[in-house]
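Enquirer: Protein chains in written order, with our numbering: chain C, 1 to 276; chain V, 1001 to 1420.
Virtual Cβ for every residue (Gly too), placed ideally from N, Cα, C.
Before I ask anything, let me first share the structure, which is written out below as structure tokens.
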Amino acid sequence: MSKSKLKRYNWFIFVLLFIGSLTMIFPFVWMILSSFKTVRDVYTYPPKWLPSEWKWTNFETVFRMIPFGRYYLNSIFTSVAQTFLQIVLSIFGAYCITFLDFPGKKKLTVLIRSTMFVPMVVTLVPMYLIVAKLHGIDTYGGIILPQVFSAFTLFLISSFFAAIPKDLVDSARIDGCGYFRIMGTIVIPNSKASISTAALFSFLGHWKSYTWPLIITNKDKYRTLPIGMKYLVQESSSEYQVMMAASVMAILPVLILFVLFEKQLVKSVTLTGMKA
Amino acid sequence: MKKVIIVLIAMLVATGMVFAQAATETAAAEARPEVVGIKIWYSISGANGEFFKSQVEAFLAAHPEIKAEEITYTGSYADSATKISAARLAGEAPDMIITSASQLYPGEDGNFRMEELAKDAELNYADFQEGILEYAKYNGQLAALPFAISTPIVYYNKDLVKKAGLDLVANPPKTWDEFVEVCKKVMAANEGVSGFDASDSVWLFKSMLYQNGNPVVEQKGETVTPVFDNESGIEVATYWKKLVDEGVMAAQQHDTAEKRFQAGTLAFVSATSNRLAKWAGNLGFELGAIEMPYFKTPSVALGGSTVTILATDKWKEDACWQLIKYVLNTENQTAFSLASGYLPIRKSSLENADVKAYIADSELYAVATKQLSYAWAYTHFGAMGSMDNFFWYALDNIESGKSTPAEAMKQAVKETIAEL
């Protein structure tokens, strides 16, 4: 390929990627700028990029209307706990499905997989009744535990475990390693990228989880951020600027996680073709 | 013999003690606790929710004998329905709820205590606007009271209308046929502008049905029969199709109707009356409103929230009732109405000096209150939510051309009957 051709080719790719990046970044920039706007700025047509006056009070309004700090801490605590428990459970489950042979394995796998096809709305009321019987309403346990199991996370991790040569696991067994040692020294270290990705997907899912925490909690003490966001949004259609201020603060943990796990995420996305 | 008498006396004393104990316990159970705790769930969010909460807090400050154990926001109307239904099944229901069609819950249990409670002179039942009270009934009996009530209103962009040389304050379109002609003129004068849309298509469609002499459903005793597939229903559905075919309304774009209106690319929008307080003065153009156009008779379907009591405990019920009377008194209802954009539900609110001044000052508010005189409460029944979904699918199919208006209406009726 001649130098000029290469240059032309790179420019084409560059422009394409630049447009793509702008499209992706646009909502974020718009959200940040809108969080400083006045009500009038938000509704002005044609839209205005920059606020006519920078209104920091939008952020104050968020804290005035909802116990934002409390909701924020609850969201962090429940999302981290759910993610941790989900990943631990899924690693054990994925190990069983991938490396162990036991009677009924196929049926069990199909059964677990089938849970992915049941919409949450169908299980919502029965789940509520069970949690209510266990006195789980308005408790962190009530929010966290029913959302811990995820067939998606289990099979995502399992698909990466399947790439580990079975001979390696068998050799370890012959050398006298138990299940936990095999998991700790062979399986998990070889699947760090996939586990990180599964953790990230899991965290994102729990961070934005709305319906279950809404149903199972009544007291502000236990409520999470998405409920607070909905309270700001629903009828205050003229107060997008307040909603945007809340959104800017709400996405911070997700952004931090993306920065921390970027490498692993890109790696596993390349391998699986999934997108966040 | 002596022994027998002594034993008999002992037995009598023992029995007496048992009864006395039971009587004491009953009395204790009936005695009012020093502080009565109540759980309040509501589905009004944002600034309106804040206003409601401030009213509750003011009430509680004046009534130390009542304590709010929970003042819980329950999400959208649909979320609230799920939450309340689940809580009722689990025996965890709150004591008082404010949400859309709250009367369905006590109504389905055959609990019409509200009929009795509403006789309380302090409530001044006669002061409520007639049509609005109907909105809180279930099977013809009062099972709730109106709280945050709204109707659809046709808002318009005055700047776009002026460009077409029209003055809708002086000459508003009265009928839907006149309205279509106005839309066409505005579209012709403003390139790239759509004529009309409705953010809640089903709500508007129900209003249109009633205007055309179709009550949506007929109720005899507890039997509900959907009737919108008859001639008058199909006429309205055909008109709906005409709006799309003649390019006045975009097909399947109701979700974006309010955003397009705010952006100035839609001339007329049918939206809830509580947008009134939020939009007036905040849009980049002058906002106007016309009374809802009609077919045969003017009518708008009521919407919004009602308040009811689910508590079965006597003292909790009483505490909830005190609170309801407080938030529904003329002073508080008027304040809530002015702050939120929801409509005044009491006749006395319309006599309030602030409301009179607001009506005189705001032609938008004047339109909203004028519509109340012919507002209509549709029949509430258990499968109402499902019927609304079938309506939505029917309108979607009509707009996309998948079904003819007659087919779509017949299908929606068939599905509603199956659901019933």
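Whose Cβ in chain C lies nearer than 8 angstroms to the Cβ of E986 (chain V)?
Expert: With chain V represented from 1001 up to 1420, any question about residue 986 (chain V) goes unanswered, as that position is not in the structure.
Enquirer: Check whether the stretch 211-229 of chain C touches the stretch 1079-1094 of chain V, taking contact to mean three or more Cβ pairs, one atom from each stretch, closer than 8 angstroms.
Expert: With a cut-off of 8 angstroms, the stretch 1079-1094 of chain V and the stretch 211-229 of chain C count as touching, because enough Cβ pairs lie within range.
Enquirer: Does E60 (chain C) have its Cβ less than 8 angstroms from a Cβ in chain V?
Expert: By this cut-off, E60 (chain C) is not an interface position.
Enquirer: If you measure beta-carbon to beta-carbon, which residues of the stretch 239-256 of chain C are closer than 8 angstroms to chain V?
Expert: Within the stretch 239-256 of chain C, the residues whose Cβ lies closer than 8 angstroms to some Cβ of chain V are E239, listed in chain order.
Enquirer: Take the Cβ of E1331 (chain V) as the centre, count every other Cβ of all protein chains shown within 10 Å, and call the residue buried at 16 or more, exposed below.
Expert: Exposed.
Enquirer: Would G1165 (chain V) count as contacting chain C if we go by Cβ distances under 8 angstroms?
Expert: Chain C, which has no Cβ nearer than 8 angstroms to the Cβ of G1165 (chain V), makes this no.
Enquirer: Quick one: measure Cβ to Cβ for I1098 (chain V) and I1044 (chain V), integer angstroms, because I've assumed they're closer than 8 angstroms.
Expert: Confirmed, about 7 angstroms.
Enquirer: Give me, in chain order, the residues of the same chain whose beta-carbon lies closer than 8 angstroms to that of K1347 (chain V); leave out the 5 immediate sequence neighbours on both sides.
Expert: Cβ neighbours of K1347 (chain V) beyond the five flanking positions: D1127, F1128, Q1129.
Enquirer: Scan the stretch 1070-1092 of chain V for residues whose Cβ lies nearer than 8 angstroms to a Cβ of chain C and list them as they occur along the chain.
Expert: Those would be E1070, T1072, Y1073, T1074, G1075, S1076, D1079, T1082, K1083, S1085, A1086, A1087, L1089, A1090, G1091, E1092, in chain order.
Enquirer: Excluding the 5 residues preceding and the 5 following E1122 (chain V) in the sequence, name in chain order all residues of the same chain whose CB lies nearer than 7 angstroms to its CB.
Expert: Counting only Cβ-Cβ distances below 7 angstroms, and skipping sequence neighbours, we find K1325.
Enquirer: Leaving out the 5 sequence neighbours to the left and right, which residues in its chain are closer than 6 angstroms to A250 (chain C) when beta-carbon positions are compared?
Expert: Once the five neighbours on either side are set aside, the close Cβ partners of A250 (chain C) are L225.
Enquirer: Using a Cβ cut-off of 8 angstroms (strictly closer), state whether G1046 (chain V) contacts chain C.
Expert: So, interface residue.
Enquirer: Cβ of N1157 (chain V) less than 8 angstroms from any chain C Cβ?
Expert: For N1157 (chain V), the answer is no, since every Cβ of chain C falls outside 8 angstroms of its Cβ.
Enquirer: Would you kindly report the start and end of the unbroken beta strand (DSSP E) that includes A1267 (chain V)?
Expert: Note, A1267 (chain V): beta strand (DSSP E), 1266-1272.
Enquirer: Distance check for K1296 (chain V) and F1336 (chain V), CA to CA, integer angstroms please.
Expert: One C-alpha to the other measures close to 34 angstroms.
Enquirer: Distance check for A1301 (chain V) and I1132 (chain V), CA to CA, integer angstroms please.
Expert: If I take the Cα positions, the gap works out to 10 angstroms.
Enquirer: May I ask you to list, following chain order, the residues of the stretch 1280-1314 of chain V that have a beta carbon less than 7 angstroms from some beta carbon of chain C?
Expert: Hits within the stretch, in order: N1282, L1283, G1284.
Enquirer: Select from C:I130, C:V118, C:A151 the residue whose C-alpha is nearest the C-alpha of L89 (chain C).
Expert: Here the closest residue by C-alpha is C:A151.
Enquirer: Can the beta-carbon of R1275 (chain V) be found less than 8 angstroms from the beta-carbon of S1194 (chain V)?
Expert: Contact flag unset, no.
Enquirer: Do L1104 (chain V) and Y1138 (chain V) come within 8 angstroms of each other at the CB atom, strictly closer than that value?
Expert: The answer is yes: Cβ separation under 8 angstroms.
Enquirer: If you check the beta carbons only, do S191 (chain C) and L156 (chain C) fall under 8 angstroms apart?
Expert: Not a contact, by the Cβ cut-off of 8 angstroms.
Enquirer: Does the beta carbon of I19 (chain C) sit closer than 8 angstroms to a beta carbon anywhere in chain V?
Expert: False, the Cβ-Cβ gap to chain V never drops below 8 angstroms.
Enquirer: Which same chain residues end up closer than 7 angstroms to H206 (chain C) when comparing Cβ atoms and leaving out the 5 residues on each side of it in sequence?
Expert: Result list for H206 (chain C): T78, S79, Q82, T83, Q147, in chain order.
Enquirer: Sort V:A1353, V:V1307, V:W1315, V:K1316 by Cα distance to L1142 (chain V) and report the nearest one.
Expert: Among V:A1353, V:V1307, V:W1315, V:K1316, the Cα nearest to that of L1142 (chain V) is on V:V1307.
Enquirer: What are the partner residues of L1117 (chain V), as DSSP defines its beta bridges?
Expert: Paired residues: none, contrary to the question.
Enquirer: Please list the terminal residues of the continuous alpha helix (DSSP H) segment that includes F1391 (chain V).
Expert: Looking at the DSSP string, the run of the alpha helix (DSSP H) that includes F1391 (chain V) is 1384-1400.
Enquirer: Using 8 angstroms for Cβ pairs, my map puts V1269 (chain V) next to D1177 (chain V). What's the rounded Cβ distance?
Expert: About 19 angstroms separates the two Cβ atoms, so there is no contact after all.
Enquirer: To the nearest angstrom, how far is it from the Cα of P1094 (chain V) to the Cα of G184 (chain C)?
Expert: Rounded to whole angstroms, P1094 (chain V) to G184 (chain C) spans 48 angstroms at the Cα level.
Enquirer: Taking M1096 (chain V) as part of the beta strand (DSSP E), name the residues at either end of that continuous run.
Expert: M1096 (chain V) -> beta strand (DSSP E) spans 1096-1100.
Enquirer: Quick one: what does DSSP say I256 (chain C) is sitting in, helix, strand or coil?
Expert: Note: I256 (chain C) maps to helix in three-state DSSP.
Enquirer: Should K1402 (chain V) be labelled buried (16 or more other beta-carbon atoms within 10 Å of its own) or exposed?
Expert: So K1402 (chain V) ends up on the exposed side.
Enquirer: Under 7 angstroms Cβ-Cβ, which residues of chain V neighbour I215 (chain C)?
Expert: What I215 (chain C) touches in chain V: T1082, K1083, A1086.
Enquirer: Starting from L1133 (chain V), trace the alpha helix (DSSP H) both ways and give me its first and last residue.
Expert: Per DSSP, L1133 (chain V) belongs to the alpha helix (DSSP H) from 1130-1134.
Enquirer: Helix, strand or coil: which one does DSSP assign to N58 (chain C)?
Expert: Three-state result, N58 (chain C): helix.
Enquirer: Please identify the residue among V:K1083, V:D1159, V:P1106 whose C-alpha is closest to the C-alpha of A1263 (chain V).
Expert: When each option's Cα is compared against that of A1263 (chain V), the closest is V:D1159.
Enquirer: Go ahead and label K1241 (chain V) buried or exposed: buried means 16 or more other beta carbons lie within 10 angstroms of its beta carbon, across all protein chains shown.
Expert: K1241 (chain V) is buried by the Cβ-count criterion.
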